[in-house]
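Sequence lines, in order, name chains A and B.
The first sequence runs 1 to 174 under the UniProt record's numbering.
The second sequence runs 1 to 174 under the UniProt record's numbering.
A virtual CB, placed ideally from N, CA and C, is assigned to each residue, including glycine.
Protein chains: 2
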Amino acid sequence: MPPEEPSTRDKLLDAFETLLVTEGSRSATLDNVAGAAGVSKGGLLYHFHSKDDLVDAMLSRMQEMGERDIAAMRTAPQGPVDYYLETSVDSGSAFDRALIAAARIAQENDERAGNALASLREQWFAVLSEHLGDEALARTIQLIGDGLYFDDTSGFTHPQALEHVRDVLARLDF
Amino acid sequence: MPPEEPSTRDKLLDAFETLLVTEGSRSATLDNVAGAAGVSKGGLLYHFHSKDDLVDAMLSRMQEMGERDIAAMRTAPQGPVDYYLETSVDSGSAFDRALIAAARIAQENDERAGNALASLREQWFAVLSEHLGDEALARTIQLIGDGLYFDDTSGFTHPQALEHVRDVLARLDF
DNA sequence: GTCTATAGACAGATAGAC
DNA sequence: GTCTATCTGTCTATAGAC
Numbered sequence: 001m002p003p004e005e006p007s008t009r010d011k012l013l014d015a016f017e018t019l020l021v022t023e024g025s026r027s028a029t030l031d032n033v034a035g036a037a038g039v040s041k042g043g044l045l046y047h048f049h050s051k052d053d054l055v056d057a058m059l060s061r062m063q064e065m066g067e068r069d070i071a072a073m074r075t076a077p078q079g080p081v082d083y084y085l086e087t088s089v090d091s092g093s094a095f096d097r098a099l100i101a102a103a104r105i106a107q108e109n110d111e112r113a114g115n116a117l118a119s120l121r122e123q124w125f126a127v128l129s130e131h132l133g134d135e136a137l138a139r140t141i142q143l144i145g146d147g148l149y150f151d152d153t154s155g156f157t158h159p160q161a162l163e164h165v166r167d168v169l170a171r172l173d174f
Numbered sequence: 001m002p003p004e005e006p007s008t009r010d011k012l013l014d015a016f017e018t019l020l021v022t023e024g025s026r027s028a029t030l031d032n033v034a035g036a037a038g039v040s041k042g043g044l045l046y047h048f049h050s051k052d053d054l055v056d057a058m059l060s061r062m063q064e065m066g067e068r069d070i071a072a073m074r075t076a077p078q079g080p081v082d083y084y085l086e087t088s089v090d091s092g093s094a095f096d097r098a099l100i101a102a103a104r105i106a107q108e109n110d111e112r113a114g115n116a117l118a119s120l121r122e123q124w125f126a127v128l129s130e131h132l133g134d135e136a137l138a139r140t141i142q143l144i145g146d147g148l149y150f151d152d153t154s155g156f157t158h159p160q161a162l163e164h165v166r167d168v169l170a171r172l173d174f
């Protein structure tokens, strides 16, 4: 059977994330979100009683994807380090979009978003640290991942960045 | 003679930056900026005719500080690499605050801010690359700097991060 | 140079029709 | 489940007093 059309609820969450990522939090208004999802503001507010509600739902969806990502990282055939660095380059996946959207919300002084992201980061670090048995190296690799992510989401794109990082890490033989 | 009290104009720019950094772009309204600087909205609009004007002035001030920073990086006694990494940890300096504020503006799809930041980044990279004679290493160090900066400004603080990075870089003997 | 008052657009949210 | 109409507050910006 063909893939289902996403529910209106999911279309609204997608539109909210996309607006946050591409135009920033000031453009992610209820009006714009509803419009981008092809419904009216009243329609949006049937699914989410308030903007806070919309944020909560977005973060829940992100956390679910996060659990799956960390499980995938633990069992990745290329190993956790390469998996982590590869997925730090924005691939345009639904999870990437959710992470960037959550970061935008966190910047508006939102504790829920800040805590959700902090929790994910701790789990990524734990996997790197366990696998490498070297906290300093694990921290450095996470910083490189943060840098890749930051550059991508800020429009500072360097096509060879990942290649350069692999080159340098290869000199460290771990 | 004692240091001069900052002008109202500078107090307004400082307040704008601080609001952007601590509470995000949605809180950086003309009302809030004026209030934080201790003047009325009318007072603000005497100095800056529009919000766009305020952004332009903020970016100009940042670019001036950026030129001085790149000059300091070139002649730093500890060398450009260590200077760059140290100043990537948010020290709370006026320049750091301006950089973070500009990043917030850039995220709202503002080309001026995006271009100003991209230009600074290219100059930092050029100094690193010249000094090291190794593009891959220069890129990796810039990514680590971006990671340090991103973590600090997102509230993901790791007190030992800089120490860990130095530890790992020491293994690369360059 | 700084203020108050106000205009006009837009924000989040409610009520009720369909 | 989705719509329109509307309320209330806030946003940027203007006008004019002091």
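Inter-residue spacing [alpha-carbon to alpha-carbon] between residue i and residue j
{"i": "ALA116/A", "j": "ALA106/A", "result": "9 Å"}
{"i": "ALA71/A", "j": "PHE174/A", "result": "23 Å"}
{"i": "ASP14/A", "j": "ALA37/A", "result": "8 Å"}
{"i": "residue 179/A", "j": "GLU17/A", "result": "For chain A, the structure presents residues 1 to 174; residue 179/A sits outside this window and is missing."}
{"i": "VAL127/A", "j": "GLY114/A", "result": "20 Å"}
{"i": "LYS51/B", "j": "VAL39/B", "result": "16 Å"}
{"i": "LEU137/B", "j": "VAL81/B", "result": "10 Å"}
{"i": "residue 177/A", "j": "HIS131/A", "result": "With chain A running from 1 to 174 in the structure shown, residue 177/A is simply not present."}
{"i": "GLY35/B", "j": "GLY42/B", "result": "11 Å"}
{"i": "ARG10/A", "j": "GLU4/A", "result": "Note on identity: in this sequence residue 10/A is Asp, with Arg being the wrong assignment. So the two alpha carbons sit approximately 12 Å from each other."}
{"i": "LEU30/A", "j": "GLY24/B", "result": "18 Å"}
{"i": "ALA28/B", "j": "GLY79/A", "result": "43 Å"}
{"i": "ARG112/B", "j": "MET73/B", "result": "24 Å"}
{"i": "ALA118/A", "j": "ASP134/A", "result": "21 Å"}
{"i": "ALA54/A", "j": "SER7/A", "result": "Per the sequence shown, the amino acid found at residue 54/A is Leu instead of Ala. The alpha-carbon atoms of LEU54/A and SER7/A are separated by roughly 15 Å."}
{"i": "LEU148/B", "j": "THR22/A", "result": "24 Å"}
{"i": "LEU129/B", "j": "HIS49/B", "result": "The sequence as given places Ser at residue 129/B; Leu does not occur at that position. Going by the C-alpha atoms only, they are around 41 Å apart."}
{"i": "GLN123/B", "j": "HIS47/A", "result": "48 Å"}
{"i": "GLY92/B", "j": "LEU172/A", "result": "33 Å"}
{"i": "ASP110/A", "j": "ALA102/A", "result": "9 Å"}
Whether residue i touches residue j by CB criterion (7 Å)
{"i": "ARG121/A", "j": "PHE156/B", "result": "yes"}
{"i": "ALA170/B", "j": "ARG139/A", "result": "no"}
{"i": "TYR83/B", "j": "ALA94/B", "result": "no"}
{"i": "ASN32/B", "j": "LEU20/B", "result": "no"}
{"i": "LEU104/A", "j": "GLU108/B", "result": "Sequence inspection shows Arg at residue 104/A; the Leu mentioned does not correspond to that position. Taking 7 Å as the Cβ cut-off, ARG104/A and GLU108/B do not qualify as a contacting pair."}
{"i": "LEU45/A", "j": "LEU12/A", "result": "no"}
Residue i: CB within 6 Å of a non-hydrogen atom of the ligand NAD
{"i": "VAL55/A", "result": "With respect to the ligand NAD, the structure shown offers nothing to examine, as it has no ligands at all."}
Is it a yes or a no for the segment 151-168 of chain A touching the segment 54-66 of chain B, going by three-plus beta-carbon pairs under 8 Å?
-> no
Between the segment 140-154 of chain A and the segment 79-88 of chain A, do at least 3 Cβ pairs fall closer than 8 Å?
-> yes
For the 8 Å Cβ check, are there 3 or more pairs between the segment 95-103 of chain A and the segment 54-61 of chain A?
-> yes
Would you be able to state if there are at least three C-beta pairs under 8 Å between the segment 135-148 of chain B and the segment 126-146 of chain A?
-> Segments in contact, yes.
What are the uninterrupted segments assigned as alpha helix (DSSP H) that are 4 or more residues long and contained completely in the segment 83-129 of chain A, given in chain order?
-> Every alpha helix (DSSP H) stretch that sits fully inside the segment 83-129 of chain A and reaches 4 residues is listed by chain position as 94-107.
Would you mind listing the alpha helix (DSSP H) stretches within the UniProt domain "HTH tetR-type" (6-66) of chain B that are 4+ residues and don't spill past its ends, in chain order?
-> 8-23, 30-37 and 41-47
Return the chain-ordered ranges of every alpha helix (DSSP H) run that is complete within the segment 144-171 of chain A and spans a minimum of 4 residues.
-> 161-170
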